[in-house]
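Engineer:
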Amino acid sequence: MKLLRHGPKGHEKPALLDAGGTLRDLSGLVGDITPATLATASLAALASVDAAKLPAVRQGRLAVPWAGMGKFVAIGLNYADHAAESNLPIPKEPIVFMKSPGCAVGAHHPVVLPKGSVKADWEVELGVVIGTRARYVSEADALAHVAGYCVVNDVSEREYQIERGGQWDKGKNCDTFGPVGPWLVTADEVGDPQNLAMWLDVNGKRFQTGNTKTMIFGVAKLVSYVSEFMTLEPGDCITTGTPPGVGMGVKPNPVFLKAGDVMKLGIEKLGEQQQTVHAWNPELIDS
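Pasting the structure below:
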């Protein structure tokens, strides 16, 4: 299933995209797509419904595909060629940092640059959405805890991240720096998460082309590994790193985002996002 939430902010309605591309209203079955909806039994109940009998609706503003993201866990340098373009060694263990759930927005939400930003960058990533609690789970059992997958743009301000001391979090948590969606695609529909093509364009120029098969640490390893350090709850999201082609890695002169730029990105089976970049404007953040 392709699950989503749409409509005015604070009044989003749950929906699914059926096999024919028609949006079907789920509000008669569930009040919202919440962590409880992502449980195995709840997803199975939704999957058993004849989508053709659900009301067709027109898509409104897209929100994050599920409500109640408790943790937004990120993995750094998880593609060897991205580590190389960043002039950093290949990690021996996954690099884990946190993005604030507050930076998560819908797939087509404006990306708003923070005040003084000069080195904002893009990163297409596979998002992994947890469906059942994971604590010290084995790698063999890890995928059983995954409800589904989504596209994530891990927008990053490199000056804040790298040049201003401390941890990466300064450059990763700015408002609107976590577009998610357009849909949450359930794990049964995705199949093998380690063979998904991914790409990202800026202003129509292809910068990133990759495939999840080149991850250093695969999804099962990441879920198992992260569950050693924190309990993963339903609705938590792990964004799993980016392939090469980020703006910081462009030689000889890096390329960074500016107001008016348009990012378009996607992952096989998971849909596409598009964001326009804007200068600081708090009204756009809250739209």
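Position one of the sequence shown corresponds to residue 4 (this note's numbering), numbered consecutively onward.
Idealized CB from N, CA, C, for every residue including glycine.
Please classify residue 32 as buried or exposed, where buried requires at least 16 neighbouring CB atoms within 10 angstroms.
Structural biologist: Flag for residue 32 reads exposed.
Engineer: For a quick check, are the C-beta atoms of residue 235 and residue 138 less than 9 Å apart?
Structural biologist: Yes; because the gap between Cβ atoms is below 9 Å, this pair is in contact.
Engineer: Nearest-angstrom Cα distance between residue 174 and residue 164?
Structural biologist: Distance between the alpha carbons of residue 174 and residue 164 is about 4 Å.
Engineer: Measure how close the beta-carbons of residue 97 and residue 225 come, nearest whole angstrom, since I'm counting them as under 8 Å.
Structural biologist: That belief holds up - the Cβ atoms of residue 97 and residue 225 are roughly 6 Å apart, short of 8 Å.
Engineer: Can you check whether the CB of residue 62 is closer than 9 Å to the CB of residue 18?
Structural biologist: Taking 9 Å as the Cβ cut-off, residue 18 and residue 62 qualify as a contacting pair.
Engineer: Is the beta carbon of residue 100 closer than 9 Å to that of residue 170?
Structural biologist: It is a contact, given that the beta carbons lie within the stated cut-off.
Engineer: Following the continuous beta strand (DSSP E) through residue 267, name the residue where it begins and the one where it ends.
Structural biologist: Segment 265 to 270, the beta strand (DSSP E) holding residue 267.
Engineer: First and last residue of the alpha helix (DSSP H) that includes residue 228?
Structural biologist: Residue 228 -> alpha helix (DSSP H) spans 222 to 229.
Engineer: Does the beta-carbon of residue 141 have 16 or more other beta-carbons within 10 angstroms, so that it is buried, or is it exposed?
Structural biologist: With fewer than 16 other Cβ atoms within 10 Å, it is exposed.
Engineer: Below 8 Å on the Cβ atoms is my guess for residue 265 versus residue 276; work out the distance and round it to an integer in Å.
Structural biologist: Not a contact, Cβ separation roughly 11 Å.
Engineer: Using only the alpha-carbon positions, how far apart do residue 269 and residue 262 sit?
Structural biologist: Cα to Cα, the separation comes out at about 21 Å.
Engineer: Should residue 3 go down as buried or exposed, given a rule of 16 or more other Cβ atoms within 10 Å for buried?
Structural biologist: Nothing in the structure corresponds to residue 3, since the chain is present only between 4 and 290.
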